[in-house]
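For the first sequence, counting from 1, position 419 maps to 419 in full-length UniProt numbering; every step adds exactly one.
Note that CB positions come from ideal geometry on N, CA and C, so glycine has one too.
Input: a single structure, listed below in structure tokens.
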Amino acid sequence: MAYRNLHGCKLKFPLSSTISSLRSLSSLLPQIEASRDADLVSQVLVHHHNPFHAMESSLQLHSISFSSHLLDQTLLRLTHHSKIALSLFHYAKSLPFNPLSTSSYNILIDILAKVRQFDAAWHLILQMDHKGTDTFLLLIRRLISAGLTRQAVRAFDDIEGLTGNKVRTDEFCYLLDTLCKYGYVKVAAEVFNKRKAEFGVDVKIYTVLIYGWCKIGRFEMGERFLKDMIGRGIEPNVVTYNVLLNGVCRRASLHPEGRFEQTIRTAEKVFDEMRQRGIDPDVTSFSIVLHVYSRAHKPELSFDKLKQMKELGISPTVATYTSVIKCLCSCGRLEEAENLVGEMVRNGISPSPATYNCFFKEYRGRKDGAGALRLYKKMREDCLCAAPSLHTYNILLGLFLNLDKKETLKEVWNDMKESGIGPDLDSYTTMIHGLCEKQRWREACQFFVEMIERGFLPQKVTFEMLYRGLIQSDMLRTWRRLKKKLEEESITYGSEFKNYHIKPYRR
DNA sequence: CTAGGGTTAG
Numbered sequence: 001m002a003y004r005n006l007h008g009c010k011l012k013f014p015l016s017s018t019i020s021s022l023r024s025l026s027s028l029l030p031q032i033e034a035s036r037d038a039d040l041v042s043q044v045l046v047h048h049h050n051p052f053h054a055m056e057s058s059l060q061l062h063s064i065s066f067s068s069h070l071l072d073q074t075l076l077r078l079t080h081h082s083k084i085a086l087s088l089f090h091y092a093k094s095l096p097f098n099p100l101s102t103s104s105y106n107i108l109i110d111i112l113a114k115v116r117q118f119d120a121a122w123h124l125i126l127q128m129d130h131k132g133t134d135t136f137l138l139l140i141r142r143l144i145s146a147g148l149t150r151q152a153v154r155a156f157d158d159i160e161g162l163t164g165n166k167v168r169t170d171e172f173c174y175l176l177d178t179l180c181k182y183g184y185v186k187v188a189a190e191v192f193n194k195r196k197a198e199f200g201v202d203v204k205i206y207t208v209l210i211y212g213w214c215k216i217g218r219f220e221m222g223e224r225f226l227k228d229m230i231g232r233g234i235e236p237n238v239v240t241y242n243v244l245l246n247g248v249c250r251r252a253s254l255h256p257e258g259r260f261e262q263t264i265r266t267a268e269k270v271f272d273e274m275r276q277r278g279i280d281p282d283v284t285s286f287s288i289v290l291h292v293y294s295r296a297h298k299p300e301l302s303f304d305k306l307k308q309m310k311e312l313g314i315s316p317t318v319a320t321y322t323s324v325i326k327c328l329c330s331c332g333r334l335e336e337a338e339n340l341v342g343e344m345v346r347n348g349i350s351p352s353p354a355t356y357n358c359f360f361k362e363y364r365g366r367k368d369g370a371g372a373l374r375l376y377k378k379m380r381e382d383c384l385c386a387a388p389s390l391h392t393y394n395i396l397l398g399l400f401l402n403l404d405k406k407e408t409l410k411e412v413w414n415d416m417k418e419s420g421i422g423p424d425l426d427s428y429t430t431m432i433h434g435l436c437e438k439q440r441w442r443e444a445c446q447f448f449v450e451m452i453e454r455g456f457l458p459q460k461v462t463f464e465m466l467y468r469g470l471i472q473s474d475m476l477r478t479w480r481r482l483k484k485k486l487e488e489e490s491i492t493y494g495s496e497f498k499n500y501h502i503k504p505y506r507r
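Here it is, written out as structure tokens:
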């Protein structure tokens, strides 16, 4: 318990954590659980400038051995530092005993694939003694996220030959699902049509494809696939219908008023159809509709629907409550929203970061830095409370950039880094755009370079904004530094700044 | 992101 408290304290200042401060910490705690100890060591390795130097002293200090578990934990923390992760991996490999496990390989392959170093990832896969299907699945996901769908299908075809594992409907479904989730529905449908006889089809696969069509706004194609599955004697279930319902509701435009009413009518039609098939709408169905009410800023209708579902004996979940809370917050009715948070807590449901983000968004809209800080402090201090999410941090960054509160901004940024969940593309984009607005070009440029180093590709608008600012302010030296960085990483924005380009991946 | 709901819209 004492350790947990100290651990919590430490987390607030991990950037300053050095071997010596750890030494004093550990002297206070002669008996530390081994697993937590390893976690601490891995933090030091990551935060220390030289993980290899740090490793030796940390291992000695904590008198624990270099295990594959520790290696995995450290690699997981090095998600944004593929070069360090790779050299740590080679260091581990060079040790007299070999701590490299399948999971270490998987983590490193994922880190490399995330920054599109697919050749290096593929090289590691070939080195693995026991290749599993899971390694290929994560590679497939990264390839698709990089837009390399053809290579992803090829990796899928490699599974059987290279692992000896049989590929079944589940893996087929995963491939289609990933393609759909990243918006490559046409590719998914093509693969589906070509291979469905080989791998078989089920309600899950059809649901995935319907999800894909709805995601890209092709609701009518979703309906066509629904008819197709029914024609083949596969019964849709509540998930299938919820996917369709979400397709109706998700991106529907709600203004003017008539559009909103049209959307609600279509949604009710889906409800009717599922009831006709003997499928009862569940909590998800209601949450989807509540979300539409929320987007349309209809607090009264939200309350009614919430009441209606409770009467049907369906218990609201975090998502349900969050939709209604979002509605209230966006209408400026913060007090009622807080009351609803109270109700959900009384019903034993803990608010999630998304729940609190509704409040933060409203604070940002009002430029209420004090209100936001109050809730932020509550989230960080109250252990029972949800921890801030990446989105929380990004909202706060936007708010404090806008308010020009430099110190608070720095604090939030550091908190985010120390939490280990950020920054992401959005964080960098928010920072750079905000700094450009304040004409703080030099700082904006620093973030631009840093994000590239971490493997994030700046958007075209970000680049243009910075480019224009630097040229107009006559900051040619800074501009040259930025240009050099882009060249080093083989990123070009083309003559018309239309698209950036990365070295193509071939296999 | 290993079938669905919360953050991304007037």
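- Below 8 Å, too few C-beta pairs join the stretch 226–245 and the stretch 184–200 to call them touching: fewer than three.
- By the CB criterion at 8 Å, Thr320 and Phe360 fall outside the cutoff.
- Burial check for Phe448: the Cβ neighbour count within 10 Å reaches 16 or more, so the residue is buried.
- One alpha carbon belongs to Ile159, the other to Val167, and they sit about 7 Å apart.
- Only residues of its own chain outside the window of five on either side were considered, and among them Gly369, Thr408, Leu409, Val412 have a CB closer than 7 Å to the CB of Phe400, listed in chain order.
- Rounded to the nearest angstrom, the Cβ distance from Ala92 to Leu100 is 6 Å, consistent with a contact under 8 Å.
- Taken through DSSP and simplified to helix, strand or coil, Thr169 comes out as helix.
- The alpha-carbon of Gly422 is positioned some 6 Å away from that of Met416.
- At a Cβ-Cβ threshold of 8 Å, Val153 and Val191 count as neighbours.
- In this structure, DSSP gives Thr240 a helical state, which the three-state scheme calls helix.
- For Tyr293, the uninterrupted alpha helix (DSSP H) run begins and ends at 283–295, by DSSP.
- For the pair Lys227 and Asp280, the Cα-to-Cα distance works out to about 20 Å.
- At a cut-off of 4 residues, the continuous stretches assigned as alpha helix (DSSP H) that sit fully inside the stretch 125–195 are 133–145, 149–163, 169–181.
- Under the 8 Å Cβ criterion, the stretch 484–495 does not count as touching the stretch 106–123, having fewer than three qualifying pairs.
- The three-state secondary structure of Thr492, taken from DSSP, is strand.
- Excluding the 5 residues flanking it on each side, Cys331 has same chain C-beta neighbours closer than 6 Å at His297, Pro299, in chain order.
- Nearest to Asn106 by C-alpha distance, out of Met431, Ser94, Ile140, is Ile140.
- One Cα belongs to Gly434, the other to His123, and the distance between them is close to 40 Å.
- The beta-carbon distance between Leu88 and Thr74, rounded to whole angstroms, is 7 Å. This is short enough to meet the 8 Å contact definition.
- Three or more Cβ pairs closer than 8 Å define a contact, and the stretch 347–360 meets that threshold against the stretch 323–338.
- Positions of the alpha helix (DSSP H) runs, each at least 4 residues long and wholly inside the UniProt repeat "PPR" (389–423), are given as 390–403, 406–419 in order along the chain.
- Per DSSP, the unbroken alpha helix (DSSP H) holding Asn106 starts and ends at 102–114.
- When the Cα atoms are used, Arg440 and Lys405 turn out to be separated by approximately 13 Å.
- The residue among Leu254, Asn237, Gly233 with its C-alpha nearest the C-alpha of Gln276 is Asn237.
- Taking a 10 Å sphere around the C-beta of Phe225, we find 16 or more other C-beta atoms and assign the residue as buried.
- In summary, Val461 is exposed, with fewer than 16 beta-carbon neighbours lying within 10 Å of its beta-carbon over all protein chains present.
- Pairing Cys436 with Leu396 gives a Cβ-Cβ distance that is not under 8 Å.
- Setting aside the 5 residues that flank it on each side, Phe456 is surrounded in the same chain by Leu425, Tyr428, each with a C-beta closer than 7 Å to its C-beta; the list follows chain order.
- Under the three-state reduction of DSSP, Asp202 is assigned to coil, being neither helix nor strand.
- Boundaries of the alpha helix (DSSP H) around Pro353: 353–366.
- The C-alpha of His130 is placed about 42 Å away from the C-alpha of Val283.
- In its chain, beyond the 5 residues on either side, Gly183, Val185 have a beta carbon closer than 8 Å to the beta carbon of Ile216.
- In its own chain, leaving out the 5 sequence neighbours on each side, no residue places its CB closer than 6 Å to the CB of Glu235.
- The closest CA to that of Met309, considering only Met128, Ser287, Gly420, is found on Ser287.
- Taking C-beta separations shorter than 7 Å and ignoring five residues to either side along the sequence, Glu223 has no partners in its chain.
- Rounded to the nearest angstrom, the Cβ distance from Leu209 to Cys180 is 7 Å, consistent with a contact under 8 Å.
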